[in-house]
Amino acid sequence: MTGLTLSPDSDAALLDFGMRVARVVAIVACFGSALLLPACRSKEEKPDVGRLLNEMRSTDAKVSGEARLKLLQLGEPAVPALAEMLRSGSAADRVAAANTLWGLGERGRAAVPDLAATLVDPDAELRIAAAMALQNMGASAAPATLELAAAIKDSDVRVRQAAAKALGAIGPPAAAALPTLTRVLRRGSWPEAEEAVRRIRGLQPGAPIELGPAEPEGP
Numbered sequence: 013m014t015g016l017t018l019s020p021d022s023d024a025a026l027l028d029f030g031m032r033v034a035r036v037v038a039i040v041a042c043f044g045s046a047l048l049l050p051a052c053r054s055k056e057e058k059p060d061v062g063r064l065l066n067e068m069r070s071t072d073a074k075v076s077g078e079a080r081l082k083l084l085q086l087g088e089p090a091v092p093a094l095a096e097m098l099r100s101g102s103a104a105d106r107v108a109a110a111n112t113l114w115g116l117g118e119r120g121r122a123a124v125p126d127l128a129a130t131l132v133d134p135d136a137e138l139r140i141a142a143a144m145a146l147q148n149m150g151a152s153a154a155p156a157t158l159e160l161a162a163a164i165k166d167s168d169v170r171v172r173q174a175a176a177k178a179l180g181a182i183g184p185p186a187a188a189a190l191p192t193l194t195r196v197l198r199r200g201s202w203p204e205a206e207e208a209v210r211r212i213r214g215l216q217p218g219a220p221i222e223l224g225p226a227e228p229e230g231p
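Following the numbering used here, the numbering of the sequence shown begins with 13 at its first residue and continues without gaps.
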């Protein structure tokens, strides 16, 4: 019985085939790793909201800034903890929470009731931060319309300005604030309030505003 003898050409063909198989196996392995690693990484790097809030309190600007950025990247899942900080944190914590909610924009809409309640806080800086956060949420802040309308009469001009801008950002859903806005406009020019009325009524920027007949002052 004679043995099988391979020619040099056959050896080269087998070697080439083996190299091709090895390359395919390597590509499949790499592709599989690319699919698996993100899932593993997401489990390992799941943000700890409580830890991020503590880091946001740091006196180190870099640490606090990075924590705030991670909370903003996290989005809606960070809102409940930020709302709790807004309700019960220290004065500095509450302002930081409101500022972070401002950065979240519409993603922070679940905190609208807490921001609205904050508009009567004794701390003017906190009232300003809350009004600005509501402004950045646009129409999602509509549930705070009445509180923002009340803030139009705030003792601090900065709060009044922020409240007027927030009502303008809400637009037509803030129609309940029109009586308050037109009432203050009858007393004199106020560009922010005028623009808020235009936005609520769906008018073009700079369009004339009809204030209507004078209304009796409320109690």
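For each residue, glycine too, the CB sits at the ideal point set by N, CA and C. All values reported here derive from a predicted model rather than from experimental measurement.
- Pairing residue 127 with residue 145 gives a Cβ-Cβ distance under 7 Å.
- Under the DSSP assignment, residue 202 falls outside any alpha helix (DSSP H); it carries neither an H nor an E label.
- In terms of Cα proximity to residue 151, the closest of 119, 137, 163, 60 is 119.
- Check the Cα spacing between residue 182 and each of 156, 169, 196: the tightest is with 156.
- Cβ neighbours of residue 113 within its own chain (closer than 6 Å, five residues either side excluded): 94, 120, 123, 145.
- Under a 10 Å Cβ-count criterion, residue 198 is classified as exposed, with fewer than 16 other Cβ atoms of the shown protein chains found around its own Cβ.
- Shown here, residue 183 sits in coil according to DSSP, grouped into three states, outside any helix or strand.
- Scanning 65, 217, 148, 136 for the CA closest to the CA of residue 169 turns up 136.
- The beta carbons of residue 110 and residue 147 sit no closer together than 7 Å.
- The closest CA to that of residue 79, considering only 60, 89, 141, is found on 60.
- Per the C-alpha coordinates, the member of 223, 154, 106 positioned closest to residue 202 is 223.
- At the C-beta level, residue 208 and residue 161 stay beyond 7 Å of one another.
- Residue 159 counts as buried, since no fewer than 16 other beta carbons sit within 10 angstroms of its beta carbon.
- One thing to note: residue 131 has its Cβ no nearer than 7 Å to the Cβ of residue 108.
- For the set 62, 99, 101, 133, the Cα lying nearest the Cα of residue 82 is the one of 62.
- One alpha carbon belongs to residue 139, the other to residue 133, and they sit about 6 Å apart.
- For residue 72, there is no enclosing alpha helix (DSSP H), as DSSP marks it with neither H nor E.
- Taking C-alpha positions only, residue 75 is separated from residue 85 by approximately 15 Å.
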